[in-house]
Each structure stands twice: as C-alpha cells, then as structure tokens.
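A quick write-up on the structure given underneath.
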Amino acid sequence: MKKGLRIVGRSVARAEALAKATGRARYTSDFKRGDMLVAKALWAKYPHALIKSIDTSAAEQLAGVAAVMTAKDLPGRNGYGIMVPDKPVIADGKTRYEGDPVALVAAVTEEIATKALELIKVEYEVLTAYDDPREAMKDDAVLIHPNHPAADKGNLLTVVKLDRGDVEKAFREADIVIENYYETPMVEHCYLEPDICIAEPDDLTGGLHLICAQQAVYATKRCLAPVFNLPHHKVRVSSPIVGGGFGGKEDSSLDVAAVAGVLALKTKKTVCFELTREEVFRTTGKRHATYIKHRMAATKEGKITAVDVETVLNKGAYTSMGGLREPAHAVTMRTAAYAAGVYAVASAKARSYSVFTNTPYSCAFRGFGVPQAIFAVECQIDELARRLNMDPIELRRKNILRDGDHTIYGQVMKESRGLGLEECMDKVRDSIGWDKPLAQSAGPVKRGRGFAVFMYGTGIPLLFEGASCFAVLNNDATLNVNIASTEMGQGVMTVMAQMAAEALGLNYEDVLVSFSDTGRAPDSGPTVGSRSTVMVGNAVLDACRQLKDRLLAFAAKPFKADPRDLAIEGGKIFVVGKPETAESLAALIAKAYASQVPLAATGVWYPPQPSFRAEDGQGEPMHAYAFGAHAIEISVDTETGVITVDRSVFACDVGKAINPAAVEGQMEGGAAQGIGWGVMEEQVMENGVMQNAAFHNYMIPTIKDLPDLESIIVEHPNELGPFGSKGIGEPPIIPAAPAIRNAVWDALGIKMNAIPLTARTVLAEIQKNGKA
Amino acid sequence: MAVDIKFILNDKPVELQVEAQEILVDTLRERLGLTGTKKACGTGDCGACTVLVDGEAVRSCILLTASVDGKKVLTIEGLGTVENPHPIQQAFVDAGAVQCGYCTPGMVLTAKALLDKCPNPTTEQIKEALAGNLCRCTGYTKIIKAVKAAAKKN
Ligand code: FES
Ligand code: FES
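These protein sequences, in sequence, are chains A and B. Start counting the first sequence at 3; every next residue gets the next number (our numbering). Start counting the second sequence at 267; every next residue gets the next number (our numbering).
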C-alpha cells in the first residue's frame, strides 16, 4: 500500500451532496417539460395469455393522442435483453407477465394518455400462470416461451453445474451430515426514484438521445439499437444522477427506454415515459426467489468435507441477466459457485436451475445470487456448530479459505489480493461481546444473538469485464475525467476524483468527474458488481499516469532534472527534496500545451481473463474478494412474533477504503437492506399478479425498524486494486439475513429456514412448537 | 373547476389559478418549476415529497393545492442554497447522510419541522419524527447523526 496519501483514505464530502440536500440536483424527471409527449403502456390484463385481438381505433381517434402502437408498428426488432433479446417491447400474440405492454400510447397530457388506454379493446385467451419455478419445471407445464432457443428444456432456461472431488465418498465417510431446505423470497429493489426515460429524436443526426435513469449506458445502447433499427453510433444514452439502483436499473431502464424510444421515433417528438410506483412494483426486475436443498458433510472435529447443493431459481418471465451460453449466468452461476460459502471444502457438487415463470423477470439485485447461496451455507454451519456443540465462530475459523486454498470452483485464494475475513470475525466478536451471554428477562420477550460471514468476488466475470475513460488536463491545472459509470448515490464521482487527484498531485477540488453519457465517455462497463472502484479506478489511474509521465518528461528540460526526481503536489511541480524549485503547475501545462504535448488521454484496465468451465464449473472467475462478518442481536416477542433487531455489528474487508464515510454508507445501507430481506420484504404473487404493490403493504425498513448500525472497516490490500481497494457496493447486504435467522434460533430454540421471518411466520412457528 | 388561491411560498406571495383536484407536488414541480420536491410513490407512503405547510411536515403528493390557500409553504428551495445552505442541509452533507439523495429534501424538511418544535431531540424523538420518510440507501444511521449535529449547532 502506498504511504503518505493526501486525498485517498479521507472522508471528503461527496461532490454532489450539497446540490442534493438543497434540491438543486436534477434527476431525469426534473428535466421533464410541458411540451413533451407523455407515454403510457397498456399492461397485460392476464399475466399468461394469448392475445386474440386488439382494437385501438377508438384510442387513435381521441383528440390529443399522438400515437398508438401495437407490436405490428415497431421500427425494428421486437425484442431486447442484456443477454438474450427475448423480452418484447410490445407483447406479440402472447403475454408472459403482468408487466408486458400490449399497446403503447403517446399523448399531449397524462390524462389523455390514460383515457386512450381505456379505449383499447383486447381479447385474451387465458393460460395457467406460474408463480413457482418448481411447478413451472414440471413436464406437463404450459410452455411460457414456446419459440425460445431453450424451449427444448421446457420452462427450464439453464442448469449451471459444478463438480469437484469425490462427493459420494465424502458423504459416505462423513461423521455428520446436515441437510436442510431453504427458501428466500422475490424482492423488489425499492430505489426511491421511479424508472423514467425521456427520448429525444436528434434531427441533426437522425439518431435518438435517451435520457434515462440507469446503471449501464453502453449496455442500453447495444441492447436497444436493433429495437430502433438505428446504428449504434446514432443512439446516445445518458443518465443524470440516479435516485438509487441496486442492480435494478441495469434492466428496468431498458424497459422504459425501449417504450419512450419507439414512441419518439414514431411521433418525431420528445417523449417521456415514467413509471408510477405501482408500475415499478409490478413490471420491473426483482431478486431471484430461490429454493435450496443443501447437504453438508463434516468430520466430528468440525471440518467440512463436502457439500451437495441443488438450487432452483425463479427466473420470472424473461432471461435478463441469465443467458443461453452456459455457464454465463451472472446470478445462477454464483448460486453454484458460492454453495460452500467462505469455506475450504474439498468435494462439492452443485446444480442450479433457472426456470421461467410468469412473475416479473429476475435480474441483478445487490449481490447477484450470492446472498441466497450464503444464506443457506451460513444457516448450515450454524446447525453444524449446534450439533457438535462448538462455538459457531470457532467452527467457522476452522474452515475458512486461507492463502493457497482452493474454492469449490478451483480458484486459488491469494494473500496478495487481501484475505481479511479472520480479522473481520475477530473484530466483530470483540465488539459485540460474543463471549458474554445475553441478559434474558422473565417476560414474553426472548433475546438471541446470531453470526454470519460472507465473501464476494467483485466484478462481473464471464460478461464483458474491463473499463476505459477519458481524462483531459486543462490549462489552469484542473482535470476533467469522463467515465460512463453511473452516480446513483454510491459516490463514484467522489472516489474517482479522489484517486485522480492523488495520482496527478492535484487538489481534490480541481478534478471534475462527468458520468454516464455515451456521447462523452468510452465504455467503463456497467455500474454493477461492486466493480467501479477497482475497474474504473484503475482505468482512471492509467490515464492519470500517462498525463503525469508526459508532463514530467516535458518538465525535465526546464528543471534540468531527471523526470524521476520531479514531483507534482497541490498544483505545484518541484524537484523532490527541493521545495524552493516549486513552480505553478498551470504555468507548466500552458507551456506544454503550446509545445504540442497532448493533454488528453484514454485510460484502460482489464482484470486477468476470468474462466469458469461449463462442464464442471471449475476455473478462476474472480480476481479479488471482499469479506465480512456480521453479528446481530434480536428480541422476539413470543406473543406477537415480532422480531426487533437490537444491535448490528458489521466488519468488512474492503482492501482500502478510498473514502471511509462512503464505505460506511455502503455497509450501513447494505445491512439495512439485508435486515429487510430477512424479516419483512416479500413480493407476494398470486397467479402472476402482485398482491402488495405499494409501500404500505410492501414493507421496507423505516428508521424505527433499525438499530444504530455499527460498521468496522478492515483493510487487507488487493495488489490489483487501485491503492489496494476491492470494491464494496453490493456485499454488505449478504450476511444480515442468516445472522438474524441464527439469532432467532438462539432466542427461541426454533429453526426456521424460510425468510422473511415476518411476525406472522414466527408466531405460527412458536405456536406449532408449543413454545408460546 | 378552477380556483384562485393565494399563499406564501418560500417567503414570497404567490397567486395562482389551479384546478380543484390539482395536487400540490405537481403544482410545485410542473407549474412552478420547483423540482427539489421529489415524488417517489404518489400514495403518501414514503415522505419524499414532504414540504412544510405552516411549519408542519406534510406529504405534498396527497395534498390538494387549493388547500394551501392562505397558508405558508416551505419547500427545499426555500430553506437554503448551495452557496448558503441551512445548517440542517450542511449537517446532512457533513455526516455523509446523503447517498442517492432522493429522500434527502423530504428528510431535511421533516427534520426542520422537528427541530423547530424540539431543538434537542432524543434518538427516539428523531425516529418518531422521521418514521414516515423512507430511505433505501443509508440505513438511517448517518441521518440520525446529521439531525443530532444540526440540533447541536442551533
Ligand atoms: S411521494 Fe408523497 S409520500 Fe411518497
Ligand atoms: S439517500 Fe437514497 S433514498 Fe435516501
């Protein structure tokens, strides 16, 4: 790790925070104007049905309606998707979930657009709608995608396989086998900013500009250009700051942009399509619900010897982040890869089945399937500790992956990439006072304590991985850095500016980071997978290094010094050790500019090429891991079943915290979402229809539901990360749910394997067990 | 039906003719260009659209514009500016309580209504006051710190 850092490692205030706190920051919907057309979609009345006929004539006649579109009116391909173009812009002959548009309208006002929708007549033939992938994968199930390339497998989209060692033998020889069935719910991201796109035809170029709250401007351009029948270079995609994404706005942004875009092309006018909260709930992507059969073999000394895991994932109606080429499925692949969690296990078999249903499509959501896989493992090891009568932390210590160990997918763990899990465990253990028993009272409230750990390979192996950026030095010694990543609250503008300022010797205030615009920056990759700090950060450092090398080479002559003896700091350039030689950097840059020294650079970075074999799930898919340990104390009111989280102590190894306050922010926000996932959140579906599509019946944690969230930052540097960093956006969501489940077992002596642990479920279990 | 109304908006008198069923958040955002007030649910469940009416925190997405006739309305734009932020706004920035920022204007105004009545709130009082404001990014820990820091500065 570098010594003497000036800006990296400090909690400088976020670049855009004051504009947000004063209401001046503009989000996509703040760019709406009265002269834009308003788009509305007629959503599928039945989640799974054949469309027999559509009559739009009355809607077309309505004054103020600029366009009514059905599938036959589209300019290009009626299909898009991050991996497979199987999601129609407008349903053609068939609906597969309640978020399929059947017709689109653009009108001068929202009222007229809504009225026009009411005038459209559609005849359906209703088919069986599936909510549960275990039903949908049965042989006699109705095919949801009869013409899909994967249709020969029925509603099964894909199977990811992982095999290592002799699993049969390990189970035969095991002293103890833990076997359980776990269920995790489908949940909505609940970013506060509803999805929106403003599509503007560009008369100058004949192209289209999509202004759209999202996480992946380049992916949007690639996925949607064929829908608009436009060449890629004429589709410009940009995103103002985003009001939260958590993975969802990698996909739902395509939905709104496709609709706004085709209507803009049709009407040759600017069109705005904004979802209501109810539409966000019913139509956008979700976290995959999973059903996990987990078997774990161990010796009586507590060494885990094998795992055998079968996971069924609810894919929902469309492929989204899935894929046809096995095993390139961001989420399905990770449920297999993390089937043994953070532990060194010699033999493993994992099968993960991704199955189409008639629920909203499942997509990226903070953690890409790792939270689901780790939930099962961390419950399993807790049970193993109980059966062996061992301390759960000590049992984990015995089994965690260490330098030189192989994961179940064959990746070798390296100290040089930072392995800080044990330090996280120790810090959490001390801080929560693990060895002191919890005080219990005589009343109906029982208290309990639970523990869980995680690891998370940052980045998106098997998809495009790498990043680029532009950097431009100005004559006043300020720097513009243009990246295509999204600022959605995580602080990418701030940490990129910190790293660039550090690398070039500039003041933090003298760096400006522009973001999310295919018209202004090269592809930085999507803003997902906790990848930006490492991938984009390295690309920014690459650009800064080039600019610095050019400046120092140019300065060598006037300073009569070797470039290696020159340094730049705080806007000055000088000979190291001779502060009296200092000159203004701006003056030097002005001279360099006049002397044909190029002051713009493209920075790039690619991680080691990831691998993961389709036949057996072996390879080296990740380049570095973030780690963490979480201890949670809860109270359960045995008369009501209500769980209260009393204390949450969380440590994460992030490699290097570029901005510690931002890292804490990710840890606290992730812990909150993990707690929500564990005790209250669930998208309730009935025959493909969501039953709780509002914030008053779909619960997310309020300020009253959470304790003070304690965060401890641990830093075991990653040799490949800028300044040693690893990335930490997503993983903090992972361990809270299993820690809570383990705490409930501790409090009540009751094992519950399906989350969310709502008051109703907990009370039912208490009554069933006669423990009220 | 159109109604004529007069009210004080961010310390300045405003006269408007609005439709009887017009909702305050739309009037502010679409008619008056005050886009600092956010709309995240439109059903009164999240608090993102909070403004102060005669000092009380109210949800502007379920409030008829006509009902503010004769009242004083404060939106986030009237509280402070980037150049001259209100101490609560500055405290949110300093505490790291702003992530995506979509909840922030509503949080800040709800905190203002609280601190005006109760200058030194306990953690419980802060939680009670902010219980109707959802934030999906922060886990609220730094928001509580920000409100306490703002109280101290007062
Ligand atoms: S937008 Fe008004 S309460 Fe949510
Ligand atoms: S900061 Fe994003 S919702 Fe609160």
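We treat Cβ as the ideally placed atom computed from N, Cα and C, and that holds for glycine.
Just how far apart, CA to CA, sit residue i and residue j?
{"i": "Pro-329 of chain A", "j": "Thr-337 of chain A", "result": "11 angstroms"}
{"i": "Gln-216 of chain A", "j": "Glu-252 of chain A", "result": "6 angstroms"}
{"i": "Phe-377 of chain A", "j": "Gln-675 of chain A", "result": "14 angstroms"}
{"i": "Val-764 of chain A", "j": "Pro-446 of chain A", "result": "14 angstroms"}
{"i": "Thr-404 of chain B", "j": "Thr-30 of chain A", "result": "21 angstroms"}
{"i": "Met-3 of chain A", "j": "Pro-719 of chain A", "result": "Confidence at Met-3 of chain A is low in this model, with a pLDDT of 36, below 50, so its placement is unreliable and the value that follows should be read with caution. Approximately 7 angstroms between the Cα atoms of the pair."}
{"i": "Glu-285 of chain B", "j": "Lys-34 of chain A", "result": "21 angstroms"}
{"i": "Thr-186 of chain A", "j": "Gln-374 of chain A", "result": "7 angstroms"}
{"i": "Val-359 of chain B", "j": "Lys-408 of chain B", "result": "10 angstroms"}
{"i": "Leu-601 of chain A", "j": "Asn-276 of chain B", "result": "46 angstroms"}
{"i": "Leu-158 of chain A", "j": "Ala-152 of chain A", "result": "8 angstroms"}
{"i": "Thr-58 of chain A", "j": "Lys-117 of chain A", "result": "12 angstroms"}
{"i": "Ser-349 of chain A", "j": "Lys-171 of chain A", "result": "9 angstroms"}
{"i": "Ala-664 of chain A", "j": "Glu-120 of chain A", "result": "47 angstroms"}
{"i": "Trp-436 of chain A", "j": "Ile-634 of chain A", "result": "10 angstroms"}
{"i": "Gly-318 of chain A", "j": "Ala-695 of chain A", "result": "17 angstroms"}
{"i": "Cys-327 of chain B", "j": "Glu-113 of chain A", "result": "17 angstroms"}
{"i": "Asp-177 of chain A", "j": "Glu-312 of chain A", "result": "22 angstroms"}
{"i": "Lys-288 of chain A", "j": "Glu-137 of chain A", "result": "19 angstroms"}
{"i": "Lys-419 of chain B", "j": "Ile-392 of chain B", "result": "16 angstroms"}
{"i": "Phe-466 of chain A", "j": "Gly-527 of chain A", "result": "7 angstroms"}
{"i": "Pro-242 of chain A", "j": "Ala-19 of chain A", "result": "14 angstroms"}
{"i": "Met-415 of chain A", "j": "Ile-485 of chain A", "result": "31 angstroms"}
{"i": "Ala-774 of chain A", "j": "Gly-452 of chain A", "result": "Note that Ala-774 of chain A scores 49 on pLDDT, short of 50, meaning its location in the model is unreliable and no value can be drawn from it."}
{"i": "Phe-697 of chain A", "j": "Asp-551 of chain A", "result": "54 angstroms"}
{"i": "Arg-368 of chain A", "j": "Met-71 of chain A", "result": "35 angstroms"}
{"i": "Leu-298 of chain B", "j": "Val-291 of chain B", "result": "10 angstroms"}
{"i": "Met-687 of chain A", "j": "Leu-194 of chain A", "result": "22 angstroms"}
{"i": "Ala-73 of chain A", "j": "Leu-330 of chain B", "result": "39 angstroms"}
Please tell me whether residue i and residue j are closer than 8 angstroms, where the distance is taken between their beta carbons.
{"i": "Gly-680 of chain A", "j": "Pro-758 of chain A", "result": "yes"}
{"i": "Pro-385 of chain B", "j": "Ala-417 of chain B", "result": "yes"}
{"i": "Gly-630 of chain A", "j": "Phe-614 of chain A", "result": "no"}
{"i": "Leu-294 of chain B", "j": "Thr-341 of chain B", "result": "yes"}
{"i": "Tyr-777 of chain A", "j": "Ile-294 of chain A", "result": "In the structure displayed, chain A extends from 3 to 774; residue 777 of chain A sits before or after that span and is not available."}
{"i": "Cys-654 of chain A", "j": "Ile-742 of chain A", "result": "no"}
{"i": "Lys-323 of chain B", "j": "Ala-379 of chain B", "result": "Reading off the sequence, residue 323 of chain B comes out as Ala, not Lys. Yes, they are a contact pair."}
{"i": "Lys-658 of chain A", "j": "Ser-727 of chain A", "result": "yes"}
{"i": "Phe-556 of chain A", "j": "Ala-603 of chain A", "result": "no"}
{"i": "Gly-775 of chain A", "j": "Ser-470 of chain A", "result": "Absent from the structure is residue 775 of chain A, since the part of chain A shown begins at 3 and ends at 774."}
{"i": "Val-107 of chain A", "j": "Ala-115 of chain A", "result": "yes"}
{"i": "Lys-272 of chain B", "j": "Gly-321 of chain B", "result": "no"}
{"i": "Leu-508 of chain A", "j": "Ala-479 of chain A", "result": "yes"}
{"i": "Ala-738 of chain A", "j": "His-632 of chain A", "result": "yes"}
{"i": "Thr-292 of chain A", "j": "Leu-315 of chain A", "result": "yes"}
{"i": "Met-373 of chain B", "j": "Leu-396 of chain B", "result": "yes"}
Assuming residue i contacts residue j (C-beta within less than 8 angstroms), just tell me the rounded distance between them.
{"i": "Ser-240 of chain A", "j": "Ile-200 of chain A", "result": "So it is not a contact: roughly 10 angstroms between Cβ atoms."}
{"i": "Gly-249 of chain A", "j": "Val-599 of chain A", "result": "Gly-249 of chain A to Val-599 of chain A, Cβ: 42 angstroms. No contact."}
{"i": "Ile-636 of chain A", "j": "Val-746 of chain A", "result": "7 angstroms"}
{"i": "Trp-45 of chain A", "j": "Asp-88 of chain A", "result": "Their Cβ separation, rounded to whole angstroms, is 18 angstroms, which puts Trp-45 of chain A and Asp-88 of chain A out of contact at 8 angstroms."}
{"i": "Arg-224 of chain A", "j": "Gly-521 of chain A", "result": "Rounded, the Cβ-Cβ distance is 15 angstroms, inconsistent with contact."}
{"i": "Gly-573 of chain A", "j": "Leu-587 of chain A", "result": "5 angstroms"}
Check your understanding: Which full runs of the beta strand (DSSP E) of 3+ residues lie inside the region 357-395 of chain A, going along the chain?
Key -> none
Review point. Can you list, in chain order, the residues of the region 273-289 of chain B whose Cβ is nearer than 9 angstroms to any Cβ on chain A?
Key: none
Exercise for review: Report the residues of the region 5-17 of chain A with a CB closer than 9 angstroms to any CB of chain B, ordered along the chain.
Suggested key: Ser-13, Ala-15, Arg-16
Review point. Which whole runs of the beta strand (DSSP E) in the region 269-335 of chain B are 3 residues long or more, in chain order?
Key: 278-285, 316-319, 322-325
Practice item. Taking a Cβ distance cut-off of 7 angstroms, strictly less, list which residues of the region 689-708 of chain A are near chain B, in chain order. Key: Ala-696, Phe-697, His-698, Ile-702, Thr-704, Ile-705, Lys-706, Leu-708
**Study point:** Residues in the region 391-407 of chain B having any Cβ partner in chain A nearer than 7 angstroms
**Key:** Lys-393, Leu-396, Ala-397, Leu-400, Arg-402, Cys-403, Thr-404, Gly-405, Tyr-406, Thr-407
Practice item. For the region 320-344 of chain B, enumerate the residues whose C-beta is nearer than 8 angstroms to any C-beta of chain A, in chain order. Key: So the list reads Thr-341, Ile-342, Glu-343, given in the order they occur along the chain.
Exercise for review: Mind listing, in chain order, the continuous alpha helix (DSSP H) runs of no fewer than 4 residues lying wholly within the region 641-703 of chain A?
Suggested key: 662-681
Review point. Fully enclosed by the region 210-235 of chain A, which beta strand (DSSP E) runs are 3 residues long or longer?
Key: Within the region 210-235 of chain A, no complete beta strand (DSSP E) segment of 3 residues or longer occurs.
**Study point:** Whole beta strand (DSSP E) elements within the region 153-179 of chain A, 3-residue minimum
**Key:** 158-166
Check your understanding: In chain order, what residues of the region 478-492 of chain A put their CB closer than 8 angstroms to some CB of chain B?
Key -> Listed in sequence order: Met-490, Gly-491, Gln-492.
Practice item. Closer than 9 angstroms, Cβ to Cβ, to anything on chain B: give me those residues from the region 193-220 of chain A, in chain order. Key: Tyr-193, Leu-194, Glu-195, Pro-196
Exercise for review: Report the residues of the region 21-49 of chain A with a CB closer than 8 angstroms to any CB of chain D, ordered along the chain.
Suggested key: Chain labels in this structure do not include chain D; the protein chains are A and B.
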